[in-house]
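Asker: Please find one structure pasted underneath; my questions will follow.
The structure is reproduced here in structure tokens:
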């Protein structure tokens, strides 16, 4: 067989040759809709490649992007990676210090930025002195004045005189093409370096019918940001199949998305549950329907069952997916099988809200508390590890991490169940699961049960160190105004729902539950509360502080 | 990224792990329906692998198969390739001498055969002395008595005591996994060696929505034989997506196929136009419909437009595909794009009967008579070359061929047009096109026009050497009983339909058109007729022999 490497440039060359007139539509940062074709994309990506040659980069050098989803970002995806450099997409929603850390750690040589982020960059200008250029992705008319940033260049000016001809180099398919940092909640962000091979294989895989099901009849809208694990591979996958691509720019509110989908005949889209909540709420409030949208891939976090149901009511087929920065990202998709087709909507729902089953190429294992693979019964749970051609073997320029402790596997940090069909469901994070007497207890399962109690506004379950059992679960709750909750209520709440040894040992009532800025429970802080309360008083004393109505 | 090779065994491991209960249904050579699961397939493939270890083969050794589509053939696909040997599928429809040539040329060490073909092998037993074993794919009860064949073994007996555990070796993905010989009409058959990488990439590609659109909700029936370019990759692609697989065995008549499709709920199938003609005829004669079939891929030769229309009338979406043994095979598929959706059925048909547009990874070029790429206008034509990760770089153990003359490209031998969307249409074979004064004239186009004339039963156009023009087209016809055709008729027939210089120079009437055994025009013989006739008499004389009614 011919030696034909899988390259990011081969994706663009395919789209240019066989889908030249297919449209790419972008809502620009400046506001108006911009539209052009894959042929235009190819021409301008080559202009970018030619411009990059002049800056004096070496193969493998990182080039940063700080940008929304739009056509210029697409040009960078192909122009940077295609010509042998590494397209380093940076999440502009990170803290300023993290952005500075990431740019320095990646040793970015050039930074491309949307207009929106120029003020952020100006505020951190002293950390950007190593950059050869900061290119603002706009035209001369909108070019900002700034003497704070080094080598400030206007994107359109930079490429204007470049040739639209460029011979994409024949690279090693294992060479790096992209870089993305995890926005881990603890420690410094860690970089994941994608290769041309992993990028192409992942894109082919996600285009398959049981993942995104992309074809040349589709108009695809990447709502998940291009700075977030390559928008789940959609820009590449769309080009591979020749789908029209519709990019929302910075406007992700319900009204803007619905308007864009309707105007551009979007048939398929992908994004996180929060965005869909906004869209569905706005549509219901305004009595709107979809005329073209057929399918939506939901990932980033688990979609609430009601989101699945609401999409179905609108004639849209929702599909849960799962992935991580370390897995390119997609590893699981919850496409039902032939055997499920006869199920009722109610019977399908528990499967549809699972994270999904493995894409071909991705191999998963679930290791229980005894170090062995757990039964594939959809109930037993263990730690999820994965391996495959689009899984990171290590972090970029970092010491070996605990996640790569087991040779050849990446530990996802999730505690999951898997059923006989391969459907995976996350029941907890490894760091949150309660390890009691050699058994694992899912904090999320206990929280979900507590959350349903009429007195409880919000519930958290964390581990409390225990001499005999290692750890025991403790329930921490914030009550609804005027409500009460006793230790007897605790027993009644859980008895019969879970095994006896999983019932929380104790309950602690707090006035206000601690949260992160994005609304997630701050489990670390809750653990501290439990430790403090437990050392200060005996369990009896805790109970005595509760309004005991038993 | 992790170093994870693309292996045939990884396909089976995926199906075993995540689609263990999905069915594989086979109509056996013996008659009855056999059904089991991907888990069973995996277990028995490992038994095959263990049995092969004992025969004493070296990695890369070829193992031949002479078999219909069925579960044991699937076990060989995975058992042979997965364990590092080369699965060499042999076309039993070839002449005995060709089969003997192929087995010898491939240096097959072991031969697996269906019961059906034992008599054929017995008749050529003296050429099979080099084989370590001939394994008959049946059970002990049906095992034939034969003292003519070397090392005759019963398949079920051979694997019965083998373990269902086997660690598939971690092979180089560029190692050979399969071998298939072209059934070329001239010269000896030529072998194409597939690699693990090419096999996996091709299978992922054909599962995409714009080719076969395979998913875990499908029941897929491979009608194209597994001895013919791996049944177009369907056995691999079905396992990748976890589709139910339905295999017809030797019975390909309309009644058998319709019965099997209905009984097993087949949703997608693929095969050659002749088979579909038989199926459609039988169904229309018996007033039958499909209750589950949704899609059909048609390849091997161009589907007549009426076949497309008849399938659509039955609620089935037909799709033309194109490929060759040298291209694994699929390189083109005629899936329409979004821009075509508003067309009427009549407007769609001319696109749907084309060979299709390039799959991602396959790069095509069309070189005209002047050595340059022809315009992509769907009219200009030239010689079609292709390159990509599942295109043969050379023939197995053969001298460099003319088809690989141009470095890095494979010349398909087809003369085609390509339009702006990449749709390719074959207008002729390179060896049949008439090269006149630096221009190429499609013999097929001239034949199609002649074929529509009421007096003509069958028409052929071949080149006649010409001192001034190099070659000139000559029409050779067999007339309908009692009909006549003059040189004046010739002029009237073509004038206005094609450019003046393309009009055949001459017409020769023959009593009977020469055909191959399979009904194809024997152009070589027709060329000889033209040479003979032309040397024996002047053009005027030819005309004088025609009943001239002008």
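Chains as they are written, first to last, in my numbering: chain A, 1317 to 1866; chain B, 1317 to 1866.
Where a beta carbon is used, it is the ideal one built from N, C-alpha and C, also for glycine.
Please read these numbers as outputs of a predicted model, since none were measured by experiment.
Mapping DSSP to helix, strand and coil, what is residue 1528 of chain A?
Answerer: Residue 1528 of chain A falls in the coil class under three-state DSSP.
Asker: Report the residues of the stretch 1325-1337 of chain A with a CB closer than 8 Å to any CB of chain B, ordered along the chain.
Answerer: So the list reads 1326, 1327, 1329, 1330, 1333, 1334, 1335, 1336 and 1337, given in the order they occur along the chain.
Asker: Just to confirm my understanding: we take residue 1410 of chain B, look at its own chain, exclude 5 residues before and 5 after, and list those with CB closer than 7 Å. What are they?
Answerer: Result list for residue 1410 of chain B: 1499, in chain order.
Asker: Is it the case that the Cβ atoms of residue 1434 of chain B and residue 1462 of chain B are separated by a distance below 8 Å?
Answerer: Yes. Within cutoff.
Asker: Please name the residue or residues paired with residue 1733 of chain B in a DSSP beta bridge.
Answerer: Paired residues: B:1697 and B:1741.
Asker: Residue 1488 of chain A CB to nearest chain B CB: under 8 Å?
Answerer: By this cut-off, residue 1488 of chain A is not an interface position.
Asker: Look at the alpha carbon of residue 1512 of chain B and the alpha carbon of residue 1697 of chain B, and state the distance between them as a whole number of angstroms.
Answerer: Each residue's alpha carbon lies about 35 Å from the other.
Asker: With a cut-off of 8 Å on the beta carbons, I'd call residue 1893 of chain A and residue 1471 of chain A a contact; round off their distance for me.
Answerer: In the structure as shown, chain A starts at 1317 and stops at 1866, and residue 1893 of chain A therefore has no counterpart that could be examined.
Asker: Whole angstroms are fine: how far does the CA of residue 1643 of chain A sit from the CA of residue 1849 of chain A?
Answerer: Rounded to whole angstroms, residue 1849 of chain A to residue 1643 of chain A spans 40 Å at the Cα level.
Asker: With a threshold of 8 Å, are at least 3 pairs of Cβ atoms found where one atom belongs to the stretch 1432-1450 of chain A and the other to the stretch 1518-1533 of chain A?
Answerer: Result no; under three Cβ-Cβ pairs closer than 8 Å.
Asker: Just to confirm my understanding: we take residue 1320 of chain B, look at its own chain, exclude 5 residues before and 5 after, and list those with CB closer than 6 Å. What are they?
Answerer: Around residue 1320 of chain B: no qualifying Cβ.
Asker: Nearest chain B C-beta to residue 1551 of chain A closer than 8 Å, yes or no?
Answerer: Chain B, which has no Cβ nearer than 8 Å to the Cβ of residue 1551 of chain A, makes this no.
Asker: Please report whether the beta-carbon of residue 1510 of chain B lies at a distance below 8 Å from any beta-carbon of chain A.
Answerer: For residue 1510 of chain B, the answer is yes, since a Cβ of chain A falls inside 8 Å of its Cβ.
Asker: I'd like to check one pair, residue 1402 of chain A with residue 1495 of chain A: are the Cβ atoms closer than 8 Å?
Answerer: Yes, Cβ-Cβ distance for residue 1495 of chain A and residue 1402 of chain A is below 8 Å.
Asker: Can you give me, in chain order, the residues of the stretch 1546-1578 of chain B that have a beta carbon less than 7 Å from any beta carbon in chain A?
Answerer: Under the 7 Å Cβ criterion, the stretch 1546-1578 of chain B contributes 1556, 1557, 1558 and 1560.
Asker: Do the stretch 1782-1796 of chain B and the stretch 1812-1832 of chain B touch if we need at least three Cβ pairs shorter than 8 Å?
Answerer: They touch, by the three-pair rule.
Asker: Excluding sequence positions up to five away, which residues of its chain have a Cβ less than 6 Å from the Cβ of residue 1855 of chain A?
Answerer: Confidence is the limiting factor: at residue 1855 of chain A the pLDDT is only 48, short of 50, which leaves the residue's position unreliable and the question unanswerable from this model.
Asker: For residue 1743 of chain A, which residues from the same chain have a beta carbon less than 7 Å from its beta carbon, with the 5 sequence-adjacent residues on both sides left out?
Answerer: 1697, 1731, 1732, 1733, 1758, 1760 and 1761, listed in sequence order.
Asker: Please state the DSSP three-state secondary structure of residue 1622 of chain B.
Answerer: Here residue 1622 of chain B sits in helix by DSSP.
Asker: Going by the DSSP bridge assignment, what does residue 1726 of chain B pair with across the sheet?
Answerer: B:1702, per the DSSP bridge assignment.
Asker: Is residue 1596 of chain B closer than 8 Å to residue 1573 of chain B when the C-beta atoms are compared?
Answerer: Cβ atoms of residue 1573 of chain B and residue 1596 of chain B: not closer than 8 Å.
Asker: Near residue 1541 of chain B, what residues of its chain come up, given a Cβ to Cβ distance below 8 Å and the 5 sequence neighbours on each side ignored?
Answerer: If we look at residue 1541 of chain B and ignore the five residues flanking it on each side, its Cβ neighbours are 1384, 1385, 1407 and 1547.
Asker: Quick one: give me the first and last residue of the alpha helix (DSSP H) that residue 1389 of chain B is part of.
Answerer: Element bounds for residue 1389 of chain B: 1387-1398.
Asker: Please report whether the beta-carbon of residue 1523 of chain A lies at a distance below 8 Å from any beta-carbon of chain D.
Answerer: Of the protein chains in the structure, A and B, none is chain D.
Asker: Could you give the distance in angstroms between the alpha-carbon of residue 1474 of chain B and the alpha-carbon of residue 1457 of chain B?
Answerer: When rounded, the distance between both Cα atoms is 14 Å.
Asker: How about residue 1378 of chain B and residue 1422 of chain B: do their beta carbons lie closer than 8 Å?
Answerer: Cβ atoms of residue 1378 of chain B and residue 1422 of chain B: closer than 8 Å.
Asker: Let's test the definition: count the other Cβ atoms within 10 Å of the Cβ of residue 1635 of chain B and tell me whether it reaches 16, buried, or not, exposed.
Answerer: Flag for residue 1635 of chain B reads buried.
Asker: Looking at the unbroken beta strand (DSSP E) that takes in residue 1785 of chain B, where does it start and where does it end?
Answerer: Segment: none, residue 1785 of chain B is in no beta strand (DSSP E) and carries neither H nor E.
Asker: Using the beta-carbon count (16 or more within 10 Å), is residue 1533 of chain A buried or exposed?
Answerer: Looking at its Cβ environment, which holds 16 or more other Cβ atoms inside 10 Å, residue 1533 of chain A is buried.
Asker: Can a CB atom of chain B be found closer than 8 Å to the CB of residue 1657 of chain A?
Answerer: Closer than 8 Å to some Cβ of chain B, the Cβ of residue 1657 of chain A qualifies, so yes.
Asker: Using a cut-off of 9 Å between C-beta atoms, extract the partners of residue 1635 of chain B located in chain A.
Answerer: None at all; the shortest Cβ gap to chain A is about 12 Å.
Asker: So is residue 1708 of chain A in contact with chain B if we call contact Cβ pairs under 8 Å?
Answerer: Residue 1708 of chain A counts as touching chain B.
Asker: Looking at the C-beta of residue 1676 of chain A, does it have a partner C-beta in chain B at a distance below 8 Å?
Answerer: It does; some Cβ of chain B falls within 8 Å.
Asker: Taking all protein chains shown into account, do 16 or more other C-beta atoms lie within 10 angstroms of the C-beta of residue 1580 of chain B, making it buried, or fewer, making it exposed?
Answerer: Residue 1580 of chain B should be labelled buried.
Asker: Compare the C-beta of residue 1607 of chain B against all C-beta atoms of chain A and say whether one is closer than 8 Å.
Answerer: Taking Cβ atoms only, chain A never reaches closer than 8 Å to residue 1607 of chain B, which makes this a no.
Asker: Confirm, please, whether the CB-CB distance from residue 1545 of chain B to residue 1466 of chain B is below 8 Å.
Answerer: Not a contact, by the Cβ cut-off of 8 Å.
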